[in-house]
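Student:
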């Protein structure tokens, strides 16, 4: 069964927040992260705001650029998603 649209929206917002906070912790701008991932900086922005559903490959590129293993990025996103449900 496909996820409910509210569930997907909540998950994308949580992923975006996890990426945003990891980027800020590394003192990177969206432009710098975009250069490291070969993505456009506006695309990084819409991902961070939870407005796009990035592919697995894009999330992987971002995690590598942030020096953050994918499972850790997913764990952080899951924590933010759980906070939002409370």
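Residue numbers (the numbering used here): 354 to 439.
Cβ atoms here follow ideal geometry from the backbone N, Cα and C, with glycine treated the same way.
For residue 388 and residue 437, I'd like the C-alpha separation in whole angstroms.
Tutor: 31 Å
Student: For residue 401, which residues from the same chain have a beta carbon less than 8 Å from its beta carbon, with the 5 sequence-adjacent residues on both sides left out?
Tutor: 369, 370, 372, 373, 376 and 383, listed in sequence order.
Student: Chain B beta carbons: is any one of them nearer than 7 Å to that of residue 376?
Tutor: Protein chain content of the structure displayed is limited to a single chain, and chain B is not contained in it.
Student: Considering only their Cβ atoms, is the gap separating residue 386 from residue 418 smaller than 7 Å?
Tutor: yes
Student: With residue 437 as the anchor, note down where its alpha helix (DSSP H) starts and where it stops.
Tutor: 423 to 438
Student: Around the Cβ of residue 390, are there at least 16 other Cβ atoms within 10 angstroms (buried) or fewer (exposed)?
Tutor: buried
Student: Are the Cβ atoms of residue 361 and residue 403 separated by less than 7 Å?
Tutor: no
Student: Rounded to whole angstroms, what is the Cα-Cα separation between residue 427 and residue 409?
Tutor: 11 Å
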